[in-house]
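To start, the structure itself, in structure tokens.
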Amino acid sequence: MHGLINRALQRFAEDTHGVSVWSEVAEAAEPGLTGFEAMLVYDDAVTGRVLATLAERTGTPPEMILEDLGTYLVCHPNTEALRRLMRFGGESFTEFLYSLDDLAGRVRLAVPDLVLPPLELTEHARGSFSLTAGPGIAGFGHVVVGLLRAMADDYGALALVELVFDGPQGARIGISVAEAAFAEGRGFALALAEGAA
Amino acid sequence: MSGAVTLSSAALSALMPMHLLVGPTGHVLAAGPTLARLRPEAPLAGCRLLELFAFRRPVAPSSLADLLAQAGRRLSLQFRDAPRTAFQGIVVPLPDGQGALLNLSFGIGAVSAVAEHRLTASDFAPTDLTVEMLYLVEAKSAAMEESRRLNLKLEGARSAAEEQALTDALTGLRNRRAMEEALARLTRHRARFGLIHLDLDRFKAVNDTLGHAAGDAVLGAVADALRAEVRDCDVAARVGGDEFLVIFPDTADTRWLSGIANRIIARIEEPVPFGEELCRISASAGITVSTAYARPDPERMLHDADAALYASKRAGRGRATVWRAAGTPDPESSAA
Numbered sequence: 031m032h033g034l035i036n037r038a039l040q041r042f043a044e045d046t047h048g049v050s051v052w053s054e055v056a057e058a059a060e061p062g063l064t065g066f067e068a069m070l071v072y073d074d075a076v077t078g079r080v081l082a083t084l085a086e087r088t089g090t091p092p093e094m095i096l097e098d099l100g101t102y103l104v105c106h107p108n109t110e111a112l113r114r115l116m117r118f119g120g121e122s123f124t125e126f127l128y129s130l131d132d133l134a135g136r137v138r139l140a141v142p143d144l145v146l147p148p149l150e151l152t153e154h155a156r157g158s159f160s161l162t163a164g165p166g167i168a169g170f171g172h173v174v175v176g177l178l179r180a181m182a183d184d185y186g187a188l189a190l191v192e193l194v195f196d197g198p199q200g201a202r203i204g205i206s207v208a209e210a211a212f213a214e215g216r217g218f219a220l221a222l223a224e225g226a227a
Numbered sequence: 004m005s006g007a008v009t010l011s012s013a014a015l016s017a018l019m020p021m022h023l024l025v026g027p028t029g030h031v032l033a034a035g036p037t038l039a040r041l042r043p044e045a046p047l048a049g050c051r052l053l054e055l056f057a058f059r060r061p062v063a064p065s066s067l068a069d070l071l072a073q074a075g076r077r078l079s080l081q082f083r084d085a086p087r088t089a090f091q092g093i094v095v096p097l098p099d100g101q102g103a104l105l106n107l108s109f110g111i112g113a114v115s116a117v118a119e120h121r122l123t124a125s126d127f128a129p130t131d132l133t134v135e136m137l138y139l140v141e142a143k144s145a146a147m148e149e150s151r152r153l154n155l156k157l158e159g160a161r162s163a164a165e166e167q168a169l170t171d172a173l174t175g176l177r178n179r180r181a182m183e184e185a186l187a188r189l190t191r192h193r194a195r196f197g198l199i200h201l202d203l204d205r206f207k208a209v210n211d212t213l214g215h216a217a218g219d220a221v222l223g224a225v226a227d228a229l230r231a232e233v234r235d236c237d238v239a240a241r242v243g244g245d246e247f248l249v250i251f252p253d254t255a256d257t258r259w260l261s262g263i264a265n266r267i268i269a270r271i272e273e274p275v276p277f278g279e280e281l282c283r284i285s286a287s288a289g290i291t292v293s294t295a296y297a298r299p300d301p302e303r304m305l306h307d308a309d310a311a312l313y314a315s316k317r318a319g320r321g322r323a324t325v326w327r328a329a330g331t332p333d334p335e336s337s338a339a
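Chains A and B are the protein sequences, given in the same order.
If you're matching positions, the first sequence starts at 31 in the numbering used here and goes up one per residue.
If you're matching positions, the second sequence starts at 4 in the numbering used here and goes up one per residue.
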């Protein structure tokens, strides 16, 4: 599993449950492990063990952890760079949904060895979508659900996001957008604010 | 003109939000909405094109005709007044000498232009890759930052490992390997240097009667004595159980080195408290300098310093002896 994904899990654990919980989890999952490096690649089994150990240690089901991870990636100040990259997808939540088809390609442009499952958006009726994720990363669907819910909030859209299924062959997510501009979303300027990382 | 198309100004603005329509007199007739946003206070329409913009390529066109001579080629221009945003662009003539149509873009300066003018995605045509470029710039910066962090961490780990590999764990002095490297470097560069070989006297007695912990305390005290007497540029190493070697770059003055050796020995002779006991040891030293050899060789010099050291031992310990080229150690070895 790519280091960026592992590191996302690590930062989520550190920022949500504290550095000491993370250290315990890392050591229990993989003796000697203190942290992941974003630019290295790790054995998939290590990621699975870290997730299982974190679930056990925090008493949270792994699916819930993954969903919270998706939300964390958009909402937490420590991952603001990622939220900005997502917001480049479009000026409204609906436009953002359309841009998900290109997400895997965009990610590969920036980090060539980070291969995400391809996403495909289908519009069934106005405001009613389903998003299909290809296979490749176990639990990816749960992360995307958490991320989409947080992005809807970020845009100020009123949307219902539900996981239809997530399995070895991929995942499907149902999205209905009741109102694209329901509330004031968080701001986004193309230019990075002075002094921001 | 066959194949000519007529576009509404709204269509033109949607396709090219940074266009300029210029009349036959060289005055701007209309500007695209994004370009207009750059000068909210002063409308561009009505101004003379060549007074608004300075052209870097073609160099200083004096008329619209000059500019149109470059039709279809890449133009490079910037606003004459501040902020002097730079553009690249292209100009084409309008039919029947009615003027010119220019289309501009920020080019590589997009990142700062977007920040300066607070532009949003809707200021760019969907076919314009500027927003994708901004996305890539941010994504690459984030990835680069991670790489930089990793590099710093690895560099820190590397220098710590290197430091560890050259350090004697017990005393914190350099180890034999570090000493050999320093010696090899100095002889390779034909540098002038001196070395003192030091062997503790009565150390074994401390170890045997008070135990290894006492021995370790004594070795620590010896290390402190060495550190107190040598300069930062000198290399003080523990090269055996109770053997030490100090290398003094740029110093071949045997009298000065003897003085240092005697001061070190005097410090080592100060009793070291260990629990209820006081550990008393001394040291013998052998000295040699690079200038005593036509072609200094590390092995030879270590051997000679060792010979001088044993002369000190034979002469009654607790003293320093300078090795002499004749092969007979200096008879005037000095007691500390």
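Just so it is clear, CB atoms sit at the ideal spot from N, CA and C, and this is done for glycine as well.
From a predicted model like this one, the values you see are computed outputs, not experimental measurements.
Is Ala226 of chain A close to chain B, meaning its C-beta is less than 7 Å from at least one C-beta of that chain?
Bear in mind that a pLDDT of 47 at Ala226 of chain A, under 50, signals an unreliable position, so the model cannot answer this.
Can you find at least 3 beta carbon pairs, one from the region 108–119 of chain A and one from the region 135–143 of chain B, that sit closer than 8 Å?
Contact holds: three or more Cβ-Cβ distances are below 8 Å.
Which residue's Cα is closest to the Cα of Val174 of chain A: A:Leu149, A:Thr46, A:Asn108?
Looking at A:Leu149, A:Thr46, A:Asn108, the one whose alpha-carbon comes closest to that of Val174 of chain A is A:Leu149.
Could one say the Cβ of Ala146 of chain B lies closer than 7 Å to chain A's Cβ atoms, at least one of them?
Chain A places a beta carbon closer than 7 Å to that of Ala146 of chain B, counting this residue as a contact.
I'd like to check one pair, Leu104 of chain B with Leu153 of chain B: are the Cβ atoms closer than 7 Å?
No. Outside cutoff.
Within 10 angstroms of its Cβ, does Cys282 of chain B collect 16 or more other Cβ (buried), or is it exposed?
In this structure Cys282 of chain B is buried. Its beta-carbon is surrounded by 16 or more other beta-carbon atoms within 10 angstroms.
May I have the straight-line CA-CA distance separating Gln101 of chain B from Pro27 of chain B, to the nearest angstrom?
Cα to Cα, the separation comes out at about 5 Å.
According to DSSP, what are the bridge partners of Cys282 of chain B?
Answer is B:Val275, bridged to Cys282 of chain B.
Ends of the alpha helix (DSSP H) at Gln40 of chain A?
Residue range 33–47 is occupied by the alpha helix (DSSP H) that includes Gln40 of chain A.
Any chain A beta carbon closer than 7 Å to Ser16 of chain B:
For Ser16 of chain B, the answer is no, since every Cβ of chain A falls outside 7 Å of its Cβ.
Would you mind reading off the limits of the beta strand (DSSP E) that contains Ile203 of chain A?
That run of the beta strand (DSSP E) goes 200–209.
For Phe247 of chain B, the nearest candidate out of B:Ala255, B:Ala224, B:Asp256 (CA to CA):
The option with the nearest alpha carbon to Phe247 of chain B is B:Ala224.
Would you say Glu158 of chain B lies against chain A (beta-carbon separation less than 7 Å)?
Not an interface residue.
The region 163–177 of chain B in contact with the region 45–59 of chain A per 3-pair CB rule at 8 Å
Between the region 163–177 of chain B and the region 45–59 of chain A, the count of Cβ pairs shorter than 8 Å is below three; the stretches do not touch.
Grab me the residues of Asn178 of chain B's own chain with a C-beta within less than 7 Å of its C-beta, minus the 5 sequence neighbours each way, in chain order.
Only residues of its own chain outside the window of five on either side were considered, and among them Leu169, Thr170, Asp171, Ala240, Arg241 have a CB closer than 7 Å to the CB of Asn178 of chain B, listed in chain order.
Can you pull the chain B neighbours of Phe159 of chain A, defined as C-beta to C-beta under 7 Å?
By Cβ distance, chain B contributes nothing, its closest Cβ being about 20 Å from Phe159 of chain A, past 7 Å.
Which runs of the beta strand (DSSP E) fall wholly inside the region 53–109 of chain A and span at least 3 residues, in chain order?
Runs found: none.
Can you tell me whether Ser66 of chain B is buried or exposed? The criterion is at least 16 other CB atoms within 10 Å of its CB, across all chains shown.
Classification of Ser66 of chain B: exposed, given that the 10 Å Cβ count is below 16.
Figure out for me which residue from B:Pro36, B:Lys156, B:Ser16 has the closest Cα to the Cα of Met69 of chain A.
Of all alpha-carbon atoms in B:Pro36, B:Lys156, B:Ser16, the one lying nearest the alpha-carbon of Met69 of chain A is that of B:Lys156.
With DSSP run on the structure shown, which of helix, strand or coil describes Pro334 of chain B?
Only weak support is given to the placement of Pro334 of chain B: the predicted model assigns it a pLDDT of 45, under 50, and the value that follows is read from those uncertain coordinates. In this structure, Pro334 of chain B counts as coil in the three-state DSSP scheme.
Could you please tell me which residues of the region 84–117 of chain B, in chain order, have their CB closer than 7 Å to any CB of chain A?
Here the close residues are Val117.
Kindly indicate which three-state DSSP category Asp204 of chain B falls into: helix, strand or coil?
DSSP places Asp204 of chain B within a strand segment (E or B) once states are collapsed to three.
Going along chain B, which residues have a C-beta under 7 Å from Met69 of chain A?
Chain B residues near Met69 of chain A: Glu149, Ser150, Leu153.
Please classify Ser12 of chain B as buried or exposed, where buried requires at least 16 other C-beta atoms within 10 Å of its C-beta.
Exposed, since its Cβ has fewer than 16 Cβ neighbours within 10 Å.
Can you tell me whether Arg121 of chain B is helix, strand or coil according to DSSP?
When secondary structure is reduced to three states using DSSP, Arg121 of chain B falls in the coil class, being assigned neither helix nor strand.
Distance check for Gln81 of chain B and Gly6 of chain B, CA to CA, integer angstroms please.
Near 33 Å, if we compare the C-alpha coordinates of Gln81 of chain B and Gly6 of chain B.
For the region 116–138 of chain B, list every residue whose C-beta sits within 7 Å of some C-beta in chain A, in sequence order.
Listed in sequence order: Val117, Ala118, Arg121, Leu122, Thr123, Ala124, Ser125, Val134, Leu137, Tyr138.
With a cut-off of 7 Å, does the C-beta of Arg142 of chain B fall near any C-beta of chain A?
One detail in the question is off: residue 142 of chain B reads as Ala in this sequence, not Arg. Interface flag for Ala142 of chain B against chain A is set, since a Cβ pair is found closer than 7 Å.
Output, in chain order, the set of chain B residues within a Cβ distance shorter than 9 Å of Ala111 of chain A.
Per Cβ cutoff of 9 Å: Glu141, Ala142, Ser144, Ala145, Glu148.
Would you say Phe118 of chain A faces chain B, with C-beta separation under 7 Å as the test?
With 7 Å as the cut-off, Phe118 of chain A counts as an interface residue toward chain B.
Mind checking if Val104 of chain A is an interface residue toward chain B, Cβ cutoff 7 Å exclusive?
No, no contact with chain B.
Keeping to the same chain, check which residues put their C-beta closer than 7 Å to that of Val207 of chain A; ignore five residues upstream and five downstream.
These residues qualify, in order along the chain: Phe123, Thr124, Gly157, Ala187, Ala189.
Which whole-angstrom value is the C-beta distance of Val117 of chain B and Ala221 of chain A, which I expect to be below 8 Å?
About 5 Å separates the beta carbon of Val117 of chain B from that of Ala221 of chain A, a gap short enough to meet the 8 Å contact definition.
What are the boundary residues of the alpha helix (DSSP H) that Glu302 of chain B is part of?
301–317 is the span of the alpha helix (DSSP H), which, as asked, contains Glu302 of chain B.
Ala286 of chain B and Leu203 of chain B look like a contact to me (Cβ under 8 Å); what is the Cβ gap, rounded to whole Å?
About 5 Å separates the two Cβ atoms, so the contact holds.
Asp132 of chain A: buried (16+ other C-beta within 10 angstroms of its C-beta) or exposed?
Exposed.
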